[in-house]
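In terms of the numbering used here, the sequence shown opens at residue 1 and continues consecutively.
So the structure is just underneath, and the comments pick up after that.
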Amino acid sequence: MLNKSKRPVVVSIISLWLICLLPSSSVQASEQYNNLTQHVLLQYLAEPTAERQKYLAILQSGSAAQQLEYIDNIQQSVADFWHKKQVSLAFDTLDGHASVIDKNIALEPAVDDYLGVINYLRKLMWLAETQEWQAIEPGGLLRPGDGHPSIKQISQRLWLLGDANEYLADEVVYLPTLAESVQRFQSRHGLKADAVIGPRTLFWLNQTPQQRATMLAKSFVEKTTYLSQLPQPYLLINIPAFQMVLVDDDQVVLSSKVIVGKPYRQTPQMTGQISNIIINPTWTVPRQLLTQDILPHVRQNGHYFTDKRFDVFDYEGNRIDYTPQQWQQEARGRFPYRVVQRPGGDNALGRYKFHFNNDQNIYLHDTPTKSLFAQSDRDLSSGCVRIEKIQQLADWFANRLVIDKRTWKRLQANYTKTQWFALSSTLPVHMVYWPAWVDEHHLAQYRDDIYQLIPPQSLNLLSQKEQPKGVVQ
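See below:
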């Protein structure tokens, strides 16, 4: 039996040796279907069907006659997949004399990350076919300097996934070189890069190549479909990535960390049109937050409203002034009042609020607690989205869309006067949920399913007994 630490190298050598023994005509026939096989594999991983499973089998192991018989149907199936999602293809403009290879290449969606995603999928499917992926279970935290038998397994896995430059097969001590690899792995999974191997790092280490490939393919298809229809400029917030981008002229002109809703107060997937910016906003506390967050503080500290610069009104608009003891007593009852926080440094919305109409009272805003952006997990709000680079975003709006620029400039030094600003045109904002992607550095990024929106069964393919083989080229 092959030594598993040597297995990937041996497999690669044998594969090359077999290719050299194949007749040149067979190799050429295989090569002309490479692109098409990759297209079908991506679509099968994203949306598995019996037909795509059949087409993969024909492309990977069918006879030359069978491949020739089905080539037109397979190409049209790939094109129809994207047509239904309103994604344009160069394939649609080719004339009838184009070669098979030209047609296959023209079936690629014209997006920058397509080849990066395809390359990762090929690698992951090769790992799924050639590697065992047993769960790593050290039984506790592992830190640099620790010794444990699972260190060897962790080292191999990081090497297979591309986060380690080498695999030290006999090492059972957690060395600094492995710590660097763990940190790289943690960074591209949205984890705190502290080199401590705990439950969440283990969760991602134990995700199988098949699960990774499925998540990446599904996210890519959803993202490509969504973005193909967007007019520019626009704001886009990827909720599980805790990230916002401002896109204009096919360029990301601003990227910022964001804070999104907690799992039990989720930021919804939605689309809106930003129509106003409020400088020095007041904050009218939503009823649910008042009951769950504010009143418990008031019951403990009757000075809380005063300390945090809140005004309290009855529902006829009259301001209510009670003693601290009276507020504590009121907070224990039905509390029939409206609570509004004045603008200033303590205001929960910070310096700016970006307003768009929606029935869920969601908006984008600043925050006085800037330190929260340093956390790796930023599902911390009550549903609204807090933006780290709020001033840069406000400046972009001021230069491009704010109508009353004179008043805007005058109020930049004022931190107490609330002012609404109209825009010359609205700006679309999109809140999406894409947990996997390939970034601009060609690294596959994965994020936790913070709202548990991905059904477990969606990570399983059509048939676990007859899976298409990984495409290795």
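Backbone N, C-alpha and C define an ideal beta-carbon position, used for all residues, glycine too.
Should the stretch 183-203 be called in touch with the stretch 440-458, which here means at least 3 C-beta pairs below 8 Å?
Flag = yes, the stretch 183-203 and the stretch 440-458 touch.
Measure the C-alpha to C-alpha separation of E51 and H39 and round it to an integer number of angstroms.
So the alpha carbons of these two residues sit roughly 14 Å apart.
Going by beta carbon distance, what residues of the same chain come within less than 8 Å of I497, once the five residues before and after it are set aside?
As shown, the chain starts at 1 and ends at 473. That puts residue 497 outside it, with no answer to give.
Indicate the three-state DSSP secondary structure (helix, strand or coil) for W283 in the structure shown.
Correct three-state label for W283: strand.
Own chain residues within Cβ distance below 7 Å of G261, not counting five before or after
Here the set comprises T267, D379, S381, S382, G383.
Beta-carbon contacts of Y167 that lie in its chain and below 6 Å, excluding the five residues immediately before and after:
Around Y167: S155, Q156, W159.
Comparing alpha-carbon positions, which option in S376, T306, Q452 lies nearest V258?
Considering only alpha carbons, the answer is S376.
Return the CA-CA distance between Q452 and W327, expressed in angstroms with no decimal places.
Distance between the alpha carbons of Q452 and W327: 39 Å.
Opposing strand residues paired with L246 [DSSP bridges]
According to DSSP, which records beta bridges pairwise, L246 is partnered with L235, L254.
How would you call A169, buried or exposed, if buried means at least 16 neighbouring beta carbons within 10 angstroms?
Exposed, since its Cβ has fewer than 16 Cβ neighbours within 10 Å.
Give a yes or no on whether the C-beta atoms belonging to V429 and I274 are separated by under 8 Å.
Cβ atoms of V429 and I274: closer than 8 Å.
Just to confirm my understanding: we take A422, look at its own chain, exclude 5 residues before and 5 after, and list those with CB closer than 7 Å. What are they?
If you ignore the 5 residues before and after A422, its C-beta comes within less than 7 Å of the C-beta of N276, I403, all in its own chain and listed in chain order.
How many Å lie between N399 and W408 at the Cα?
The alpha-carbon atoms of N399 and W408 are separated by roughly 10 Å.
CB-CB under 7 Å to R309, same chain, minus the five flanking residues each way: which ones, in chain order?
Non-local beta-carbon contacts of R309 in its own chain, meaning distances under 7 Å to residues more than five positions away in sequence, involve Q341, R342, G344, D346 in chain order.
Can you give me the C-alpha to C-alpha distance between Q269 and P209, rounded to a whole angstrom?
A straight line joining the alpha-carbon of Q269 with that of P209 spans about 28 Å.
Using beta-carbon positions only, say whether I390 and R351 come within less than 8 Å of one another.
It is a contact, given that the beta carbons lie within the stated cut-off.
L227 and L121 closer than 8 Å at C-beta:
The Cβ atoms of L227 and L121 lie no closer than 8 Å to each other.
Helix, strand or coil at Y304 according to DSSP, with G and I counted as helix:
Shown here, Y304 sits in a helix according to DSSP, grouped into three states.
Could you tell me the distance, in whole angstroms, from the CA atom of L235 to the CA atom of F242?
Cα to Cα, L235 sits roughly 13 Å from F242.
Measure the CB-CB distance between F356 and H365 and report whether it falls below 8 Å.
No; because the gap between Cβ atoms is not below 8 Å, this pair is not in contact.
Cβ-Cβ distance between P286 and N361 below 8 Å
The Cβ-Cβ distance between P286 and N361 falls below 8 Å.
Looking at Y33 and Q67, is the spacing between their C-beta atoms short of 8 Å?
The answer is yes: Cβ separation under 8 Å.
Expected contact under 8 Å - CB spacing of S219 and W434 to nearest Å:
Your pair S219 and W434 checks out as a contact, with CB atoms roughly 5 Å apart and the cut at 8 Å.
Where I136 falls: helix, strand or coil (DSSP):
DSSP places I136 in coil when its eight states are reduced to three.
Look up F313 in the DSSP assignment and give the residues it is bridged to.
R319, R338, per the DSSP bridge assignment.
Just to confirm the assignment, what range does the alpha helix (DSSP H) spanning H39 have?
Its alpha helix (DSSP H) spans residues 34-46.
With distances taken from CA atoms, which of D311, G317, R265 is nearest Q292?
Comparing Cα-Cα distances from Q292 to each of D311, G317, R265, the minimum goes to R265.
On the CB-based measure, 16 or more other CB atoms within 10 Å of its CB, does G272 come out buried or exposed?
By the neighbour-count rule (16 or more Cβ atoms within 10 Å), G272 is buried.
Straight-line gap, L21 to L254 (C-alpha atoms, nearest Å):
At L21 the pLDDT is 36, less than 50, meaning the model places this residue with poor confidence; the figure from the coordinates comes in the next sentence. Distance between the alpha carbons of L21 and L254 is about 53 Å.
May I have a chain-ordered list of the beta strand (DSSP E) segments no shorter than 3 residues that lie completely inside the stretch 183-243?
Counting whole runs of 3 or more residues, the stretch 183-243 contains the beta strand (DSSP E) stretches 234-238.
Counting only the same chain and skipping the five closest in sequence on each side, list residues whose C-beta sits under 8 Å from that of T418.
Within the same chain, T418 has close Cβ partners I278, I279, N280, P281, T282, P343.
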